[in-house]
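S.K.:
Number of protein chains: 2
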Amino acid sequence: MRRKPTINDVAEIAGVSFGTVSRVLNNAPDVSAATRERVLQAIKDIGYRRNRAATALVTNRSTSIGLLSDGSPRFGPVGTLMALETVARKKGYATTVISVEQPYGESVQAALDTLDDTGVGGIIVVAPLVDMASAVWNASCRVPVEMIAAGASSTPNVFTYSEDQELGARLATQHLIDLGHTDIAHLAGSMDWFDGRVRKSGWEAALRGAGLPQGLCLEGDWSPRWAYETGLDLVREDRVPQAVFAASDHTALGLIRAFTENGIRVPEDVSVVGFDDIEGSDYFLPPLTTVRQDFTALALMSMEVLLGAMEGREVDRTPIAPTLVVRNSSRRVAS
Amino acid sequence: MRRKPTINDVAEIAGVSFGTVSRVLNNAPDVSAATRERVLQAIKDIGYRRNRAATALVTNRSTSIGLLSDGSPRFGPVGTLMALETVARKKGYATTVISVEQPYGESVQAALDTLDDTGVGGIIVVAPLVDMASAVWNASCRVPVEMIAAGASSTPNVFTYSEDQELGARLATQHLIDLGHTDIAHLAGSMDWFDGRVRKSGWEAALRGAGLPQGLCLEGDWSPRWAYETGLDLVREDRVPQAVFAASDHTALGLIRAFTENGIRVPEDVSVVGFDDIEGSDYFLPPLTTVRQDFTALALMSMEVLLGAMEGREVDRTPIAPTLVVRNSSRRVAS
DNA sequence: ACCTCTACCGTAAACGTTTACGATCGGTTC
DNA sequence: GAACCGATCGTAAACGTTTACGGTAGAGGT
Numbered sequence: 009m010r011r012k013p014t015i016n017d018v019a020e021i022a023g024v025s026f027g028t029v030s031r032v033l034n035n036a037p038d039v040s041a042a043t044r045e046r047v048l049q050a051i052k053d054i055g056y057r058r059n060r061a062a063t064a065l066v067t068n069r070s071t072s073i074g075l076l077s078d079g080s081p082r083f084g085p086v087g088t089l090m091a092l093e094t095v096a097r098k099k100g101y102a103t104t105v106i107s108v109e110q111p112y113g114e115s116v117q118a119a120l121d122t123l124d125d126t127g128v129g130g131i132i133v134v135a136p137l138v139d140m141a142s143a144v145w146n147a148s149c150r151v152p153v154e155m156i157a158a159g160a161s162s163t164p165n166v167f168t169y170s171e172d173q174e175l176g177a178r179l180a181t182q183h184l185i186d187l188g189h190t191d192i193a194h195l196a197g198s199m200d201w202f203d204g205r206v207r208k209s210g211w212e213a214a215l216r217g218a219g220l221p222q223g224l225c226l227e228g229d230w231s232p233r234w235a236y237e238t239g240l241d242l243v244r245e246d247r248v249p250q251a252v253f254a255a256s257d258h259t260a261l262g263l264i265r266a267f268t269e270n271g272i273r274v275p276e277d278v279s280v281v282g283f284d285d286i287e288g289s290d291y292f293l294p295p296l297t298t299v300r301q302d303f304t305a306l307a308l309m310s311m312e313v314l315l316g317a318m319e320g321r322e323v324d325r326t327p328i329a330p331t332l333v334v335r336n337s338s339r340r341v342a343s
Numbered sequence: 009m010r011r012k013p014t015i016n017d018v019a020e021i022a023g024v025s026f027g028t029v030s031r032v033l034n035n036a037p038d039v040s041a042a043t044r045e046r047v048l049q050a051i052k053d054i055g056y057r058r059n060r061a062a063t064a065l066v067t068n069r070s071t072s073i074g075l076l077s078d079g080s081p082r083f084g085p086v087g088t089l090m091a092l093e094t095v096a097r098k099k100g101y102a103t104t105v106i107s108v109e110q111p112y113g114e115s116v117q118a119a120l121d122t123l124d125d126t127g128v129g130g131i132i133v134v135a136p137l138v139d140m141a142s143a144v145w146n147a148s149c150r151v152p153v154e155m156i157a158a159g160a161s162s163t164p165n166v167f168t169y170s171e172d173q174e175l176g177a178r179l180a181t182q183h184l185i186d187l188g189h190t191d192i193a194h195l196a197g198s199m200d201w202f203d204g205r206v207r208k209s210g211w212e213a214a215l216r217g218a219g220l221p222q223g224l225c226l227e228g229d230w231s232p233r234w235a236y237e238t239g240l241d242l243v244r245e246d247r248v249p250q251a252v253f254a255a256s257d258h259t260a261l262g263l264i265r266a267f268t269e270n271g272i273r274v275p276e277d278v279s280v281v282g283f284d285d286i287e288g289s290d291y292f293l294p295p296l297t298t299v300r301q302d303f304t305a306l307a308l309m310s311m312e313v314l315l316g317a318m319e320g321r322e323v324d325r326t327p328i329a330p331t332l333v334v335r336n337s338s339r340r341v342a343s
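Protein chains in written order, with our numbering: chain A, 9 to 343; chain E, 9 to 343.
1. Please report the straight-line C-alpha distance between P111/E and A213/E, rounded to a whole angstrom.
2. With a 10 Å radius around its C-beta and 16 neighbouring C-beta atoms as the bar for buried, classify C225/E as buried or exposed.
3. Under the three-state reduction of DSSP, which class applies to S231/A: helix, strand or coil?
4. At what residue ranges does the region 139-185 of chain E contain a whole run of the alpha helix (DSSP H), taking only runs of 4 or more?
5. Count the other C-beta atoms from every protein chain shown that fall within 10 angstroms of the C-beta of T103/E, then say buried if there are 16 or more, exposed otherwise.
6. List, in order along the chain, the chain E residues whose C-beta lies closer than 9 angstroms to that of G79/A?
7. In chain order, what residues of the region 228-243 of chain E put their CB closer than 9 angstroms to some CB of chain A?
8. Using the beta-carbon count (16 or more within 10 Å), is G87/A buried or exposed?
9. Compare the C-beta of V333/E against all C-beta atoms of chain A and say whether one is closer than 8 angstroms.
10. Give me the Cα-Cα distance between I185/A and I272/A, rounded to the nearest whole angstrom.
11. Could you work out which residues of chain E lie near I106/A, taking near to mean beta carbons separated by less than 8 angstroms?
12. Determine the extent of the alpha helix (DSSP H) in which A102/A is found, giving its start and end residues.
13. Which partner residues of W201/A appear in the DSSP bridge assignment?
14. Closest by CA to L65/E, which one among T163/A, A61/A, T67/A and P232/A?
15. Which residues share a DSSP beta bridge with S77/E?
16. Measuring CB to CB, does G228/A end up less than 8 angstroms from L175/A?
17. Three or more C-beta pairs closer than 8 angstroms, one from the region 116-129 of chain A and one from the region 137-147 of chain E: is that the case here?
18. Going by beta carbon distance, what residues of the same chain come within less than 6 angstroms of A177/A, once the five residues before and after it are set aside?
19. Give me the chain E residues within the contact set of V86/A, using Cβ-Cβ distance strictly less than 7 angstroms, ordered along the chain.
20. Kindly indicate the opening and closing residues of the beta strand (DSSP E) around S310/E.
21. If you draw a straight line from the C-alpha of D172/A to the C-alpha of F202/A, how long is it?
22. From A266/A to A96/E, what does the alpha carbon distance come to, in whole angstroms?
23. Could you check the C-alpha separation between I131/A and D121/A for me, to the nearest Å?
24. Give me the Cβ distance between Q301/E and G159/E, rounded to the nearest whole Å; I'm assuming they're in contact under 8 angstroms.
25. Between the Cα of V153/A and the Cα atoms of V108/A, V281/A, V39/A and L76/A, which residue gives the shortest distance?
26. Any Cβ of chain A within less than 8 angstroms of the Cβ of L314/E?
27. Flag this pair as yes or no: are the beta carbons of A180/A and F253/A separated by less than 8 angstroms?
28. Tell me which residues of the region 245-278 of chain E have at least one Cβ-Cβ distance to chain A shorter than 7 angstroms, keeping chain order.
29. By the 10 Å Cβ neighbour count, where 16 or more other Cβ atoms means buried, how is E93/E classified, buried or exposed?
30. Could you tell me how far apart the beta carbons of I73/E and Y56/E are, in whole angstroms, since I believe they sit closer than 8 angstroms?
31. At which residues does the beta strand (DSSP E) containing F253/E begin and terminate?
32. If D284/A sits next to D241/A, beta carbons under 8 angstroms apart, how far is it from one beta carbon to the other, in whole angstroms?
33. Could you check if E287/A is buried or exposed, using at least 16 other CB atoms within 10 Å of its CB as the buried criterion?
34. Which chain A residues sit within Cβ distance under 7 angstroms of E287/E?
35. Got a sec, what are the start and stop residues for the beta strand (DSSP E) V280/E sits in?
36. Within this structure, are the beta carbons of P275/E and R339/E separated by less than 8 angstroms?
As structure tokens, this is what we get:
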């Protein structure tokens, strides 16, 4: 395991100076086709690879971007993270991920600093948690920071981007309305999350738009467990609505179990629509009508936004639109 | 946004030379308590942070480790990745993640190289795919490489570690046996995955151990869709077994839907156990008996193994044991 | 033959650290 | 008082690049 070859080794072999090698590396002009060819060949011959640390040291810019997440294993954040890695790689950036244990002030600042230390050129924080977002707003950071948080506002130093989850929620609710339902409840997610907030407000907006009264709204924590127990309560108190828009597929799952176990049929007796389109939701009992977000598009666009910020470019920031996926858990109201 | 403070700035303020600052930074000896204090104060005052690129350049070692995954969003790999990030962070390492599009030779080598370029001190590859593993075996890499792949063997340059998934499969099958079942089928995952292979052989081993005949084994692709259609076939051909060990919770999900839609009740008519304990599996209809892996322990141990390899230390490599989670989808055979 | 211009290439300095070595100084030892 | 020693600190060189600048050779114009 010999020493890694350097730019000088290449130069020697190609019979040029290291300056010339540097030029072909950065494909600068001022180098003839013949010597460029020779250098390229030498590079290939000895398996030269550029030392990123040295480059970063002198240029003061890097080819990696930082990803900051809360440690939550929820479907949305994880999907976003993975999609971000993919597009970053395709654009030639490495990604270094770091997640915070506590989504609060100091630990967020510390994470941002750590990321900065590793030499990232920009940071995307996947910040569905409201608390985490404000920590980011209050933090200071040398490099551009972008936040993916539905419905959060941009500040001068922190760009925001997200999927239009409110639209998704409106789509889901409107679907229920179109099916003839008038008593549409919402099993909300946690209001500590932007996702929970905007999905709820989308539901409200759709109802308002249709001139329907606000239905029952219960706020939970995204878990099937909570939804299950809430469903049980509903049944026990005989308050089962005509239709419910669940804030997530997991929520829908728990709710449906509570209903089914008590002889209330979905969709015959109550229509349920979820949000997320997690794997397997098309094989729930019954297959779930839900809303699908396009993480790839989201990642693509937000990377564009960040790169734009890094290069001082201005980019379009219209959010991505989710789509409704109609399956069997929702049905036209019996006349 | 001024220039970042350097070691020299600190030295000037503290009234010492940069060498001394470097010494306190690396808490070397040969510096008096008084000056150390002064330097520390200066560092705090101007908010100095060490430039990693410069350090990496001269020391040629780094404080980050690389994670390589196939791009699959499957439950196991993703869970492992997230757990790895957490323990790496706690040990003071940053993680840079990269996933390969195609789990084949060149692209794996390229990914390894990219990781190496970013200056990682070691690499953990989450390689459930058999093809990917052999690509890793054949690849060359300057830094230590560890592979998390159940049932794959270690080579001189690639360490292997994993959870004992075969044990998990035996546990699941034995549970069915203990319940009195004698006709136990397996809805396997893909044989392109180590996970698929060892879960199958665990099932075989348990059956053999109990002196039971090998049951029906169908190999699929982990998807609920495949399981659903296979389940439909089974029903149509009247070959529904007494009990089924499904290779994953998603597989179980599809199968259960096929059964339920055809009036075959789980667990009354057929017992089903899954593998993974994905979120929500406790709220399936019925709540699923399954096998849970401990990703945190897995990550902890494998990080220990990698760090050991990086430091030339020898570490224990006994695999983690998964646990059986008994819920409602399995039941004693009717006598 | 002379000058100028262009295309190509070499050189030096800098980036912010670490490390090996040398210097200083007060105190010990003979 | 000379020599020595340990503790503490400063200095120079190196790590592998990029960048700004300077140099050379031949082409083209007069």
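Here a beta-carbon is modelled for each residue, glycine too, at the ideal position from N, C-alpha and C.
M.R.: On the basis of the supplied data:
1. 30 angstroms
2. exposed
3. coil
4. none
5. buried
6. M90, E93 and T94
7. S231, P232, R233, A235 and Y236
8. buried
9. no
10. 21 angstroms
11. E93, R97, A102 and T103
12. Unbroken run through A102/A is the beta strand (DSSP E), A102 to V108; no alpha helix (DSSP H).
13. L137/A
14. A61/A
15. S107/E and V134/E
16. no
17. no
18. R207, G210 and W211
19. V86
20. Careful: S310/E lies outside any beta strand (DSSP E), inside the alpha helix (DSSP H) at F303 to E319.
21. 11 angstroms
22. 40 angstroms
23. 11 angstroms
24. Their Cβ separation, rounded to whole angstroms, is 14 angstroms, which puts Q301/E and G159/E out of contact at 8 angstroms.
25. L76/A
26. no
27. yes
28. H258, L261, G262, R265 and T268
29. buried
30. Actually they do not touch by this definition, with Cβ atoms about 25 angstroms apart.
31. A251 to A254
32. With 8 angstroms as the limit, D284/A and D241/A do not qualify as a contact, their Cβ atoms being about 24 angstroms apart.
33. buried
34. H258
35. S279 to V281
36. yes
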